[in-house]
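Down below is the structure, laid out as structure tokens.
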Amino acid sequence: MLNLPRLHAPIESELKAAFDAALSSGRFINGPFVTRFESELAAHVGVAHAVGVSSGTDALLATMMALRVKPGDRVITTPYTFFATAGCISRLGATPVFVDIDPESFNIDVARLEEAVTDDTVGIVPVHLFGRCADMTEVNAIAARHDLWVLEDAAQAIGATHAGASAGTMGIAGTFSFFPAKNLGAFGDGGAVVTDDDDLADRIRALRGHGAKVKYYHDLVGGNFRLDALQAALLSVKLPHLAAWEEGRRRVAKKYGEALGEFPGIVLPSVKKGDDHVFNQYVVRCDARDDLKTALETAGIGCAIYYPVPLHLQPCFADLGYNVGDFPQAERAAMETLAIPVDPTMEKNDQLLIINLIKKALK
Ligand SMILES: *Cc1c(COP(=O)(O)O)cnc(C)c1O
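The opening position of the sequence shown corresponds to residue 90 in the numbering used here, with each subsequent residue numbered one higher.
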């Protein structure tokens, strides 16, 4: 679905130079490559602090640890997301509380959010799924009424905006993933937390190194959540190209829109006017989803289901007591959606081929 060698080819010499610099520095943990990437990322996003961590998952975990999420707390999120969002809530002994999604955006349905708030609710984790921001205006209004924190899971949405604000800057903190298939991918795992809150940034920095601000003196119980210096050095090379890759994704998305927008049997992702969608995934909805998937796979075209089982129906969350039918929109999305290639370096002819295959399959 994403041709990484082709994406990296034009910057190969820069990447190799960054590798050589990291190699000859001998500094592989913390150090100047990490701090440099952190300041570049903070400037790019427009926040006071970016804290590099080991993955998007650990970004969520460390931030919720810094927010002092504890057993008995309830944290509201969406059942239609990657597992990590709810997994981290659960790992801290808190209870993930799911709210169904809005069928058009695939993001948390803000019309149903407030009824999920109880006395034990401490925060909300909206997810900007596939690169489209959740309705943060409403999420923040509800959070303010009930004195809750908002942590944006922006793993798929670096560069996306809502009402002029960047993903990751609209709550107390935002988290990014540098998993290779994300819009800003590392060469392995990586992630970051961005925030304007000095105190929170300070605690996350301590938590990523076992809670010690001074080595071997532990103020908090943390973990090993560090971003590798080598990953940071390589990410510094890629970050200046991110905007062009976003443009490439939008160009591919626009083309799908022109070719398939009016085609019967398929619903294309919608873009909210005024917001920037960064299309980490291009997810279509289709009654005959499984047939479409088979047709594409048979032709050797990559496609994937994000996500086949909503989180409220995962076996590991059985004790939360949810049932089939509790979140009909999330359940329907799991049955009807398919991600098709939105590679920023995709060639015109290749996309035409995909479009024609889809038309043929839907007929
Ligand atoms: C990718 C992703 C994560 C986890 O990121 P990793 O870097 O893979 O740990 C969390 N939430 C969402 C929505 C994601 O897409």
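Even for Gly, the Cβ is constructed at its ideal location relative to N, Cα and C.
* To do: Give the straight-line distance between the Cα atoms of F195 and F172, rounded to the nearest whole angstrom.
  => 15 Å
* To do: May I ask you to check if the CB of G389 is nearer than 7 Å to at least one heavy atom of ligand 1?
  => no
* Going by DSSP, what residues sit across from T264 in a beta bridge? -> D242, V282
* So what does DSSP say about I390, is it helix, strand or coil? -> coil
* Do you know how far the Cα of E101 is from the Cα of A422? -> 38 Å
* How should R163 be labelled, buried or exposed, when 16 other C-beta atoms within 10 angstroms of its C-beta is the threshold for buried? -> buried
* Between T170, P358, R116, which lies nearest to V367 when the distance is taken from Cα to Cα? -> P358
* In the structure shown, what three-state DSSP assignment does H366 receive? -> coil
* When DSSP labels each residue in this structure, what does V341 get in the three-state scheme? -> helix
* To do: Tell me where the alpha helix (DSSP H) around I293 begins and ends.
  => 287 to 296
* So which of A322, N369, P399, C405 has the shortest CA-CA distance to H110? -> This sequence places Ala at residue 110; His is not what is there. Out of A322, N369, P399, C405, A322 has the C-alpha closest to the C-alpha of A110.
* Under 8 Å Cβ to Cβ from K159, same chain only, skipping five residues before and after it: list those, please. => L181, G182, A183
* CB of H138 within 8 Å of CB of V303, strictly -> no
* To do: Would you tell me roughly how many angstroms separate the C-alpha atoms of K448 and I390, rounded to the nearest one?
  => 14 Å
* Assigned secondary structure, T146 (DSSP; H/G/I helix, E/B strand, else coil) -> helix
* Asked: Can you check whether the CB of L273 is closer than 8 Å to the CB of L218?
  -> no
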